[in-house]
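Have a look at the structure below, then the notes.
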Amino acid sequence: MGPTRIIDQYLLYCEEMCSDFEPLGKSSLFTILDACKASTRKSLQGINYFAAEAGEAFDGIRKMIEDKVALHNDSARLIENLKRARFYLKSDYKVHVARSSNIADHCCVYALSDPEKRDFAQDCDHEHNESCAECSNLTRTLNEIERLLEETEEDEELLHRTLKKFRSYREAIEAWKAHLLRSINQDLCRENLLDKLSNDEIYLNLDWAMKFLPIKSREPQSEFFANEILNESQIRSFFGRLKRERQISGVEQTSTDKLSAQKKSVKSYDNENDDQEELEDDFQENEAAIEEIKVFENLWANAKRALESSSHGMDKR
């Protein structure tokens, strides 16, 4: 992706997400990109077989077009449209999707609603009277390729195999697009939850294959991926152990505080000219420590309730 394309995407993102934000000028952005050159990195979130299968599908359809002699006149145009659609799904589509949009393909509420089951559907408060040129390009190109394959293939058995293969490719591409939509909607939900969290709440994510972050700052991947996946009971005992350690340290701290308080009172009686600011700082530190303990207690209680409700739901299954 070229610098101009990156800057255009950045400016469009700033305009859509925060209209009152004033980004840097294009000359400054070009200078930044010249100093920190962008590089293409390939990464998959988990086992993202949707993206892998869709990539194979695009390559497979391109090969079908190149091998078809009857499509030679239209091959360059169709292949270019496929490349354009593939690039759009990998880049701009993620920016265009929103909870509310006048474009049906970009509206999470409308696109993820089940048309047959009302329990899994939600009505929008707006019309979907606009269209996306890039989404239309993908649908139109796939429809045109399928139509040309039907018109140019004379052997019935070969036509049946060709169409079956093409439709499997098309399903993989559409499944990738649907997966992107679901992922973006989940990210929006997670961001909304995190924005609304108060200081005494935590966001606890439980999955069937959860791993804790590396404890060491330089833990190699071989050690991280070899870690045992913690189940629900282990997570519960982890929080329980933290609470016990806090109680023990709290008892020790209480004894220490009493002793230091006695020394401090003796010191203040012995010398009435002690620095008043130093004493006030000590009291403020104690108050801050008490507030931190209260926050930790609330966090642990919320985590315990979440784990218990999750266990209750799994028992019902």
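The sequence shown runs 601 to 917 under the working numbering. Note that the Cβ used here is the ideal one computed from N, Cα and C, for glycine as well. Computed from a predicted model, the values in this text were never measured in an experiment.
- Secondary structure at I703: strand, using DSSP grouped into helix, strand and coil.
- Under DSSP, E730 takes part in a beta bridge, and its partners are I703.
- Here the alpha carbon of M664 sits roughly 41 Å from the alpha carbon of M617.
- Residue pairing from DSSP leaves A778 without any beta-bridge partner.
- Cβ neighbours of E666 within its own chain (closer than 8 Å, five residues either side excluded): S675 and I679.
- Residues S700, C707, V709 and Y710 of the same chain have their beta carbon placed closer than 8 Å to that of C724, with the five preceding and five following residues left out of the count.
- Between the C-alpha atoms of T739 and V895 there is a straight-line separation of about 53 Å.
- Apart from sequence neighbours up to five positions away, no residue of its chain approaches Y610 with a beta-carbon distance below 6 Å.
- Contact between E727 and N743 fails: their C-beta atoms lie close to 25 Å from each other, not under 8 Å.
- Under DSSP, A901 forms no beta bridge with any residue.
- Residue S627 holds the alpha-carbon nearest to the alpha-carbon of T604 among S627, C614, D620 and F621.
- In chain order, Y710 and H728 place their CB closer than 6 Å to the CB of A704, counting only its own chain and leaving out the 5 sequence neighbours on each side.
- Residue burial is scored here from C-beta neighbours: I745 has at least 16 other C-beta atoms within 10 angstroms and is therefore classed as buried.
- Straight-line measurement puts the Cα of A685 at about 7 Å from the Cα of C735.
- DSSP lists C707 as the beta-bridge partner residues of A698.
- Per the C-alpha coordinates, the member of R790, L780, I773 and F621 positioned closest to E653 is I773.
- Burial state of L758 is exposed, judged by a 10 Å Cβ sphere holding fewer than 16 other Cβ atoms.
- F720 and E791 have their C-alpha atoms roughly 22 Å apart.
- Taking C-beta separations shorter than 8 Å and ignoring five residues to either side along the sequence, the partners of A775 in its chain run F650, E653 and A654, following chain order.
- Per DSSP, the unbroken alpha helix (DSSP H) holding P603 starts and ends at P603 to M617.
- For E622, the secondary structure class from DSSP, reduced to helix, strand or coil, is coil.
- For A651, the uninterrupted alpha helix (DSSP H) segment begins and ends at Y649 to D667.
- With distances taken between CA atoms, D692 lies nearest to Y613 out of A901, Y613 and R905.
- The alpha-carbon separation between E801 and A635 amounts to approximately 41 Å.
- Between L781 and L712, the C-beta spacing is below 8 Å.
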